[in-house]
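The structure appears right after this line, and notes come after that.
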Amino acid sequence: MEELKKKYTPYTESERMSYIREYLSTSETKYQFAKRTGICRRLLILWLDKYHINDKVMSTEQLSLRKASDESLNELEKELAALRAENRKLQRALQEESLRHEACEELINLAESTYHIKVRKNSDAK
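For the record, in the sequence shown the residue sitting at position 5 is 5 according to the UniProt record's numbering, with numbers rising by one throughout.
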């Protein structure tokens, strides 16, 4: 009678995680996976419960959500880079415009002092 019993094989943490990863990466059922690998189906279920992995459906949903969030994160990073580039461009344009304004003001001041001509318009003039 003792010949019919299977010998208990202790699995290390890394072996357990390896089996779980392999199971989650295949499209096999728990029964098919256990039969193919030679581990007990109940043991696989206990490991999944221990690591709080409810089922393959849940993990594929999580993977698809993670993939979608990674894609949206990449899109946001690209948008951020584009916005930063646009911001640098606009800051340079603003700096150039303020320098141009200062140069015009200096030219007006120079013309008014040199030629005694009023270049600036009166604020009262219509």
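We treat Cβ as the ideally placed atom computed from N, Cα and C, and that holds for glycine.
Assumed close pair residue i, residue j - CB separation to whole angstroms, cut-off 8 Å
i: leucine 44; j: tyrosine 11; result: Actually they are not in contact, since the Cβ atoms of leucine 44 and tyrosine 11 sit about 11 Å apart, beyond 8 Å.
Under 8 Å between C-beta atoms of residue i and residue j
i: arginine 21; j: lysine 30; result: no
i: isoleucine 108; j: arginine 100; result: no
Own chain partners of residue i with C-beta closer than 6 Å, once the 5 adjacent residues on each side are dropped
i: arginine 36; result: none
Distance between residue j and residue i (C-alpha atoms, nearest Å)
i: leucine 83; j: aspartate 70; result: 20 Å
i: arginine 16; j: arginine 88; result: 52 Å
i: serine 72; j: serine 64; result: 12 Å
i: residue 160; j: serine 113; result: As displayed, the chain neither begins before 1 nor continues past 126, which places residue 160 out of reach and without an answer.
i: leucine 80; j: threonine 9; result: 53 Å
i: serine 25; j: glycine 38; result: 17 Å
Nonlocal neighbours in the same chain, by C-beta distance under 7 Å from residue i, ignoring five residues either side
i: lysine 67; result: none
i: methionine 1; result: Because the pLDDT at methionine 1 is just 49, under 50, the model does not fix this residue reliably, and the point stays unresolved.
Cutoff 8 Å; reference residue i; Cβ partners in own chain excluding five residues on either side
i: tryptophan 47; result: Arg16, Tyr19 and Ile20
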